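In the numbering used here, the protein residues as written are 2 to 187.
Here a beta-carbon is modelled for each residue, glycine too, at the ideal position from N, C-alpha and C.
Source: prediction; values computed, not measured.
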């Protein structure tokens, strides 16, 4: 009983963190790069975006036992990009060290990157050098708003960010290809 209570609190806190970021904080960066197409780079991470979907919740494809997920929030949906991510560098990377925003009609929505283990059963935050994993990039958007047409990624050269940080070394503005297919299976 006690473990279930903790799971609920953790999930609630994660949802509140995502919702509280909607459109409030303005981030800036020393260097801005615009990217489009299915493949792009964030530092030493090479991403290939394969599809997208709208979801009421975000969870692994084949959850097993206890797993982190992002629950349904009344009045919102999750816009999710699916693909593969490879660490081309020589150091482990924690994707929580990248601030993510979805952009829809000039409104910024807090986002997140999560990595998915090989058997699609739970989310990871770190990726070792040379490893390739599937990912979800998602933002939580008000139901009345269109899906994001762009995602913005902020990160620092040293790979570390502070919780309240608003100024970064790099900004990548990624335009989602209009021909990207919708995938309701992931």
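Leaving aside the five residues before and after residue i along the sequence, list all residues of the same chain whose C-beta is less than 7 Å from its C-beta, in chain order.
| i | result |
| --- | --- |
| residue 185 | 54 |
| residue 112 | 101, 102, 103, 138, 139, 140 and 152 |
| residue 76 | 143 and 144 |
| residue 95 | 126 and 127 |
| residue 214 | For the chain, the structure presents residues 2 to 187; residue 214 sits outside this window and is missing. |
Less than 7 Å between the C-beta atoms of residue i and residue j, yes or no?
| i | j | result |
| --- | --- | --- |
| residue 29 | residue 168 | yes |
| residue 85 | residue 133 | yes |
| residue 142 | residue 70 | no |
| residue 190 | residue 164 | For residue 190 there is no data in the structure shown, the boundaries of the chain being 2 and 187. |
Can you round the beta-carbon distance between residue i and residue j to whole angstroms, since I take them to be within the 8 Å contact cut?
| i | j | result |
| --- | --- | --- |
| residue 151 | residue 175 | 6 Å |
| residue 121 | residue 62 | 4 Å |
Report the residue from the options whose alpha carbon sits nearest the alpha carbon of residue i.
| i | options | result |
| --- | --- | --- |
| residue 73 | 57, 37 and 171 | 57 |
| residue 26 | 98, 119 and 108 | 108 |
| residue 155 | 136, 97 and 106 | 97 |
| residue 161 | 117, 62, 99 and 136 | 99 |
| residue 115 | 105, 135, 35 and 163 | 135 |
| residue 87 | 46, 163 and 50 | 46 |
Could you name the residues of the same chain whose beta carbon sits closer than 6 Å to that of residue i, not counting the 5 residues immediately before and after it, in chain order?
| i | result |
| --- | --- |
| residue 170 | 31, 157 and 158 |
| residue 181 | 53 |
| residue 51 | 83 and 84 |
Between which two residues does the beta strand (DSSP E) containing residue i stretch?
| i | result |
| --- | --- |
| residue 30 | 29 to 37 |
| residue 42 | 40 to 43 |
| residue 111 | 108 to 117 |
| residue 80 | 77 to 88 |
| residue 173 | 168 to 176 |
| residue 100 | 100 to 105 |
| residue 162 | Careful: residue 162 lies outside any beta strand (DSSP E) and carries neither H nor E. |
| residue 133 | 133 to 143 |
| residue 65 | Careful: residue 65 lies outside any beta strand (DSSP E) and carries neither H nor E. |
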